[in-house]
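Student: Residue numbers (this note's numbering): 415 to 837. Glycine included, each C-beta is placed from N, C-alpha and C at the ideal position.
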RNA sequence: GGUGAGGUGGCUGAGAGGUCGAAAGCAGCGCUUUGCUAAAGCGCCGUACCCUUUAAAGGUACCGAGGGUUCGAAUCCCUCCCUCACCGCCA
């Protein structure tokens, strides 16, 4: 959520930053300011009336204490009550409307974010490793996995429909191996604390991290209980500290968490044809940080490096791109995507998206800290995948496939997987 | 699911229709005194919003949430949420 005072006082700056995203957000600014003006003038009138009422009521108390008659004064103040109630209602309505409008507004891109309209304008920041050479034509993970009996889409479809998968045998074991490998790496070598949260969350939590109110159609909802399936661990983990006032000594908070992620993928066509790449449910290890504002960009670089380390250890070629203003997610002010090379796809797959949200989420969830001068300020929040499991699985299968259709397991995974190859 | 007890500032905890934004204690900040890994005394010390300015002053609201009664609600009434205890059910 953007600070209404910033919008009020630096209107042109806000408008131009929003315009850099493309879309229509910047066209809403005038509407918000109009609502803000009306709200404030209503509040001022209300408060004047309340002040009058309070003064007179105190006088009544004082007179009664002296045993004087107060009937005439009471009659005088009685009429005020209705006016107060009316203005109170109007003011509450305007405040709610202003909040709704602000919740619909995306974050301002960071000043240094590259300008651009869409993904084609995302600059490549760096690459690591090289595309592997094959003496044969590399197969897709779908073909490899199904012939090795690692997973089945057909069986998953029987129980849950399309775009679900059931890992089986060595595939199920590899999923579990990757999970343990990732959590161990981040908690033992990168300084994250492991948390295991509920997977089902309240709407307030989703408002806090900004999936709601705008992206409701992407979420699985349990209507009877007003709960949603978490689309990413970002939601439960960041909201762990909602409505809190943290001490400086508690920062930075660094969490690593495994959760399944549930996404309706409404509007995505041809979902079922791409194997493990886009599914309604997938596993992910997420990294989340809550930090002081002064440190958030440095922490973003470290977060990205921590996620990259996964691919380096597994020997997978990847590149890092930065999202341009037009491709930036709703709540992010700066984002790096990590894309791993998938030989069977002859393309890069996004396995991690590392973002700094500035105080955008913290304002929504009222997450603050007490700074060294004793002032309460909003924290900055960050998150990034460390990493998504199925796409990592895809890259491993396609990168380490052998001519005979078996797949070598990279050395660091062997203790977790329990064997040197699949098949 | 049932019964009971509770939800008050960063924390602990009083208050039971008017002078209560709310005692006291702890923590924190400042000063004083004495001195070595500290003690005592005094003072300050909630948040949000509004107005005016951006320095200070002022105003309004906030005692789990939302309604109601009243000239006036932390205090009385209703609904809901949460916490704790016991019982029931159950991985």
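What residue from 438, 638 and 655 has the CA that sits closest to residue 669's CA?
Tutor: For the residues 438, 638 and 655, the minimum Cα distance to residue 669 belongs to 655.
Student: Looking at the unbroken alpha helix (DSSP H) that takes in residue 777, where does it start and where does it end?
Tutor: That run of the alpha helix (DSSP H) goes 774-779.
Student: Under the assumption that residue 501 contacts residue 529 (Cβ atoms under 8 Å), give the Cβ distance between them as a whole number of angstroms.
Tutor: Actually they are not in contact, since the Cβ atoms of residue 501 and residue 529 sit about 45 Å apart, beyond 8 Å.
Student: The alpha helix (DSSP H) spanning residue 461 covers which residue range?
Tutor: That run of the alpha helix (DSSP H) goes 443-479.
Student: Applying the criterion that 16 or more other CB atoms from any shown protein chain within 10 Å of the CB defines a buried residue, is residue 636 buried or exposed?
Tutor: Classification of residue 636: exposed, given that the 10 Å Cβ count is below 16.
Student: For the beta strand (DSSP E) that contains residue 831, what are its first and last residues?
Tutor: Unbroken run through residue 831 is the alpha helix (DSSP H), 828-831; no beta strand (DSSP E).
Student: Classify residue 480 as buried or exposed, calling it buried when 16 or more other Cβ atoms lie within 10 Å of its own Cβ.
Tutor: It counts as exposed.
Student: Assuming contact is defined by CB atoms lying nearer than 9 Å, are residue 518 and residue 450 in contact in what I supplied?
Tutor: Going by C-beta atoms, residue 518 is not nearer than 9 Å to residue 450.
Student: Report the rounded CA-to-CA distance for residue 484 versus residue 452, giving the unit in angstroms.
Tutor: Rounded to whole angstroms, residue 484 to residue 452 spans 37 Å at the Cα level.
Student: I need the straight-line Cα distance from residue 663 to residue 768, nearest angstrom please.
Tutor: Residue 663 and residue 768: Cα-Cα distance of roughly 25 Å.
Student: Give the range of the beta strand (DSSP E) segment to which residue 753 is assigned.
Tutor: Segment 748-756, the beta strand (DSSP E) holding residue 753.
Student: Report, in whole angstroms, the separation of the C-beta atoms of residue 593 and residue 642, which I expect to be a contact under 8 Å.
Tutor: That pair is no contact at about 23 Å.
Student: For residue 432, which residues from the same chain have a beta carbon less than 6 Å from its beta carbon, with the 5 sequence-adjacent residues on both sides left out?
Tutor: These residues qualify, in order along the chain: 439 and 440.
Student: Buried or exposed, going by whether 16 or more other CB atoms sit within 10 Å of the CB of residue 799?
Tutor: With 16 or more Cβ atoms within 10 Å of its Cβ, residue 799 is classed as buried.
Student: So residue 540 is in the beta strand (DSSP E); what residue range does that whole segment cover?
Tutor: Residue 540 -> beta strand (DSSP E) spans 538-542.
Student: Just checking, does the region 576-592 make contact with the region 813-832 on the three C-beta pairs under 8 Å criterion?
Tutor: The answer is yes - the region 813-832 touches the region 576-592, with three or more Cβ pairs under 8 Å.
Student: If you check the beta carbons only, do residue 809 and residue 763 fall under 9 Å apart?
Tutor: Yes, the pair counts as a contact, with Cβ atoms nearer than the cut-off.
Student: Helix, strand or coil for residue 567 per DSSP?
Tutor: Reduced to three states, the DSSP call for residue 567 is helix.
Student: Under the three-state reduction of DSSP, which class applies to residue 621: helix, strand or coil?
Tutor: Here residue 621 sits in helix by DSSP.
Student: Which ranges does the beta strand (DSSP E) cover as unbroken runs of at least 3 residues, wholly within the region 482-546, from first to last along the chain?
Tutor: Entirely contained in the region 482-546, the beta strand (DSSP E) runs reaching 3 residues are, in chain order, 538-542.
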